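Structure record follows, encoded as structure tokens.
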Amino acid sequence: MRWQHLQSEHYTDERFACTRPKWLQCIIAHCHAVPHRNENNREGIKLPSHPLFNRFFRGLALLGFSLAAPGLAGQELTVVSWGGAFARALEEAIIKPFEAETGIEVRMEDYNGGLAQIRAQVESGSVFWDVVDVELFDGVRGCEEGLFEPLDLSILAAAPDGGAAEDDFFPDTLGECGLGSIFYSTVFAYNNETMGDRKPETIADFFDLENFPGRRGMRRSPLANLEFALMADGVPAAEVYAVLDTEEGVDRAFDKLDTIKDEVIWWQVGAQPPQLLADGEVVMTTAYNGRIFNAQVLENQPFVVVWDGQVLDSGQFAIVAGTERFEAAQRFIAFSSRPESLAGLSRYIAYSPARRSAESLISTHLETGVDMRPHMPNTPENTTRAVRNDWAWWSENADDMNERFVAWLLR
0 MRWQHLQSEH YTDERFACTR PKWLQCIIAH CHAVPHRNEN NREGIKLPSH PLFNRFFRGL
60 ALLGFSLAAP GLAGQELTVV SWGGAFARAL EEAIIKPFEA ETGIEVRMED YNGGLAQIRA
120 QVESGSVFWD VVDVELFDGV RGCEEGLFEP LDLSILAAAP DGGAAEDDFF PDTLGECGLG
180 SIFYSTVFAY NNETMGDRKP ETIADFFDLE NFPGRRGMRR SPLANLEFAL MADGVPAAEV
240 YAVLDTEEGV DRAFDKLDTI KDEVIWWQVG AQPPQLLADG EVVMTTAYNG RIFNAQVLEN
300 QPFVVVWDGQ VLDSGQFAIV AGTERFEAAQ RFIAFSSRPE SLAGLSRYIA YSPARRSAES
360 LISTHLETGV DMRPHMPNTP ENTTRAVRND WAWWSENADD MNERFVAWLL R
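In our numbering, the protein residues as written are 0 to 410.
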């Protein structure tokens, strides 16, 4: 059976023409109406929230009901992410099911992070990106600059127990504008077949050219590299940002980077580190943990991840301010917020969901059957000496650190 949505200015039971009993028709009409906006109202209709209704609609979803987006089917939404393995995971776990449920078509584009392209679109009034997958600190900075729309918490999927969605997300994953999606980590990795008998075990080993000679790969960014440098120089993970918050601490980080600078090959996109290892261009490289995992299980690469000193971070989906496809973008945010949507990503790549209730849904890699739990970056075993990215520090200091990093590269 199929629900037929009739176009109307208000949400009433007359909007539905179906063969279901009248009580079901009325509940759906009055309690699960689709938020909309007009030119003078971006907030849309405020929906009632009650555990009974939440359980009711989850039951409908399990029975295969599709509550399509009236008036939005056929629209094209542009979602921007990081390309490669994560883009494929996003497409399979979220985008294809979203398209099937709503009728909204999604066009994917890749970028390498930052706010420059988003800022240019917003300031010019020519916004062609709708939803962007941003690093957490960029989500904070972009929100402060007015580059992203405020996040409407009322559209987020409730927790399985009927509780508020915001209570189900891990701390610091929901922002004023950004929906927390995943935890990922910047780690370092090596090729087990070419490393020799002695294997690196700590972040200090990454900086040890005497015992582990050879080229290194590092992201062309101060982000994570400054943290790595301080931990390699003996700073405890819990004290990294306190040290970085001083001029002496920043100097110390760059001094440590100086010790390996001449041996570094700089990468800019996540697909590069596994390729650098596979080609033998480097003996070790920093990398996103999910990219190394995919090379291990899908390409049978003999890579080893070293979790010591990992920099744990999270991503956010944010709606670009001024998009003409605001309602469709909100639909995407609401769909992506579901625990099963976020957990679905972890079946394709080793990034863990930003919702507590989604963690119990983590299972196996869809293509290989590998148990994904040991590969999640935020498991206790993998975070014994990890630093959690301090988004507040980076949102305040990113411009200065980027400027200094570029000047340092040119020295």
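Heads up, the beta-carbon is just placed ideally off N, CA and C, and yes, glycines get one too. Please read these numbers as outputs of a predicted model, since none were measured by experiment.
Would the segment 128-145 and the segment 376-393 be scored as touching if the rule is three or more Cβ pairs under 8 Å? yes
Rounded C-alpha distance that separates Y350 from M230: Taking the first residue of the sequence shown as position 1, residue 350 is located at position 351. Taking the first residue of the sequence shown as position 1, residue 230 is located at position 231. Distance between the alpha carbons of Y350 and M230 is about 23 Å.
Does the distance from the C-beta atom of P352 to that of I181 stay below 9 Å? Residue numbering aside, residue 352 sits at position 353 when the sequence shown is read from its first letter. Residue numbering aside, residue 181 sits at position 182 when the sequence shown is read from its first letter. Yes; because the gap between Cβ atoms is below 9 Å, this pair is in contact.
Per DSSP, cross-strand counterpart(s) of E108: To locate residue 108, count along the sequence shown from 1; it is residue 109. In the DSSP output, where bridge partners are listed per residue, E108 has V79.
How long is the line joining the alpha carbons of F227 and G141, rounded to whole angstroms? Taking the sequence shown and counting its residues from 1, the one referred to as residue 227 is at position 228. Taking the sequence shown and counting its residues from 1, the one referred to as residue 141 is at position 142. The straight-line gap from Cα to Cα measures roughly 26 Å.
What is the DSSP secondary structure of P34, reduced to helix, strand or coil? To locate residue 34, count along the sequence shown from 1; it is residue 35. Per-residue confidence for P34 stands at a pLDDT of 38, beneath the threshold of 50, marking its modelled position as unreliable; the derived number appears in the next sentence. DSSP places P34 in coil when its eight states are reduced to three.
I'd like the list of long-range same chain contacts for L51, defined as Cβ closer than 6 Å, with 5 residues on each side in sequence excluded. Within the sequence shown, the letter at position 52 stands for residue 51. A caution first: L51 carries a pLDDT of 39, below 50, which makes its placement in the model unreliable, though a value can still be read off. Apart from the 5 residues on each side of it in sequence, L51 has no Cβ closer than 6 Å to any other Cβ in its chain.
With a 10 Å radius around its C-beta and 16 neighbouring C-beta atoms as the bar for buried, classify P235 as buried or exposed. The residue labelled residue 235 in the question sits at position 236 within the sequence shown. Result: exposed.
Identity of the residue in D132, W306, N191, D160 nearest G82 by Cα: Indexing the sequence shown from 1 puts residue 82 at position 83. When only C-alpha atoms are compared, the closest one is D132.
For V305, I'd like the list of residues in its chain whose CB is within less than 7 Å of its CB, leaving aside the five on either flank, ordered along the chain. Taking the sequence shown and counting its residues from 1, one reaches residue 305 at position 306. Cβ within range, chain order: V186, F187, A188, P199, E200.
Helix or strand or just coil, what does DSSP make of I332? One-based indexing of the sequence shown puts residue 332 at position 333. Note: I332 maps to helix in three-state DSSP.
Identity of the residue in D166, A294, V369, P170 nearest G269 by Cα: Position 270 of the sequence shown, counted from the first residue, corresponds to residue 269. For G269, the nearest C-alpha among the options comes from A294.
How many Å lie between H364 and D399 at the Cα? Position 365 of the sequence shown, counting from 1, holds the residue named residue 364. Position 400 of the sequence shown, counting from 1, holds the residue named residue 399. Linking H364 to D399 through their CA atoms gives a straight-line distance of about 40 Å.
Through-space distance from P338 to S356, alpha-carbon basis: Against the sequence shown, residue 356 aligns to sequence position 357. Against the sequence shown, residue 338 aligns to sequence position 339. One C-alpha to the other measures close to 6 Å.
Between the alpha carbons of L155 and T172, how many angstroms are there, rounded? In the sequence shown, counting from the first residue as 1, residue 155 sits at position 156. In the sequence shown, counting from the first residue as 1, residue 172 sits at position 173. Answer to the nearest angstrom: the Cα atoms are 14 Å apart.
Distance CB(E326)-CB(L71) smaller than 9 Å: Numbered from 1 along the sequence shown, position 327 holds the residue referred to as residue 326. Numbered from 1 along the sequence shown, position 72 holds the residue referred to as residue 71. Yes, these two residues count as a Cβ contact at 9 Å.
Taking the alpha-carbon of G145 as reference, which of A164, W128, R290, E122 has the nearest alpha-carbon? Locating residue 145 in the sequence shown gives position 146, counting from the first residue. The candidate whose alpha carbon is nearest that of G145 is E122.
Rounded distance between the beta-carbons of V242 and V310, thought under 8 Å: Here residue 310 refers to the residue found at position 311 of the sequence shown. Here residue 242 refers to the residue found at position 243 of the sequence shown. The pair is not a contact, with the Cβ atoms about 15 Å apart (cut-off 8 Å).
May I have the straight-line CA-CA distance separating D160 from M375, to the nearest angstrom? For this step, residue 160 is matched to residue 161 along the sequence shown. For this step, residue 375 is matched to residue 376 along the sequence shown. Distance between the alpha carbons of D160 and M375: 24 Å.
Q74 by DSSP, collapsed to three states: which one? As a position in the sequence shown, residue 74 is number 75, starting the count at 1. If DSSP states are grouped into helix, strand and coil, Q74 belongs with coil.
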